[in-house]
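Here the structure comes first, spelled out in structure tokens, and everything after it is commentary.
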Amino acid sequence: MSVSGDDFLNSATDFLSNEREINYRNFISRGYYGMYHKISAILKYNPKVSISHHSALIEYLGTPSQHKNEPFDSNKLKSLSYILKQERLMRNKADYDINHTEITILDVDQSKRTHDQFRSRINELLNR
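Numbering (the numbering used here), first residue to last: 1 to 128.
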């Protein structure tokens, strides 16, 4: 069975049935991975990776000289880079900063808006 970025994004909402911090953290984490896989699936060329696939993808999207052969508007790719970078920071906070940071419903609401914005921008790219 094949899994897509949308599957990650859609399954993230399953964590919101209980209002517990661990579910909020899982929502943010799974949503970020959905965004990562969704953009990766539509790119014609994969960024060269030396250490981190995530930072390499963010840099690739944000650097016109790197994504110049992609069939998409460079400014739209740059905006996706920014959105993905911001959500990666949130995902890192949710996954790794478990002793010093509380994740609240406000964080979840912000991530929901980010996920929706990201999906919308991807759709704009595909429907150009």
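All C-beta atoms in this analysis are idealised placements derived from N, C-alpha and C, irrespective of residue type, glycine included. All figures in this text were calculated on a predicted structure; none of them were measured in a lab.
> If you draw a straight line from the alpha carbon of Ser120 to that of Ile98, how long is it in whole angstroms?
Replying inline: Looking up residue 120 in the sequence shown gives position 120. Looking up residue 98 in the sequence shown gives position 98. Rounded to the nearest angstrom, the two C-alpha atoms are 31 Å apart.
> Helix or strand or just coil, what does DSSP make of Gln110?
Replying inline: Residue mapping note: residue 110 aligns to position 110 of the sequence shown, counting from 1. Gln110 falls in the helix class under three-state DSSP.
>> Tell me whether the segment 6-15 and the segment 30-38 touch, counting them as touching only if at least three CB pairs, one residue from each stretch, are closer than 8 Å.
In response: yes
> Taking the alpha-carbon positions, what's the Pro71 to His100 distance?
Replying inline: Residue numbering aside, residue 71 sits at position 71 when the sequence shown is read from its first letter. Residue numbering aside, residue 100 sits at position 100 when the sequence shown is read from its first letter. In a straight line, the C-alpha of Pro71 is about 43 Å away from that of His100.
> Does the segment 73-91 come within contact of the segment 53-65, defined as at least 3 CB pairs closer than 8 Å?
Replying inline: yes
> Using CA coordinates, which residue listed in Ser50, Phe8, Lys48, Lys76 is at the minimum distance from Asn127?
Replying inline: Counting from one through the sequence shown, the residue named residue 127 turns up at place 127. Considering only alpha carbons, the answer is Lys76.
> Which full runs of the alpha helix (DSSP H) of 4+ residues lie inside the segment 37-81, going along the chain?
Replying inline: 53-62
> Should His53 be labelled buried (16 or more other beta-carbon atoms within 10 Å of its own) or exposed?
Replying inline: For this step, residue 53 is matched to residue 53 along the sequence shown. Counting the other Cβ atoms within 10 Å of the Cβ of His53 gives fewer than 16, which makes it exposed.
>> Pop quiz: Arg25 and Ile105 are said to be a contact at Cβ under 8 Å. What is the actual Cβ separation, rounded to whole angstroms?
In response: Counting from one through the sequence shown, the residue named residue 25 turns up at place 25. Counting from one through the sequence shown, the residue named residue 105 turns up at place 105. That belief does not hold up - the Cβ atoms of Arg25 and Ile105 are roughly 12 Å apart, past 8 Å.
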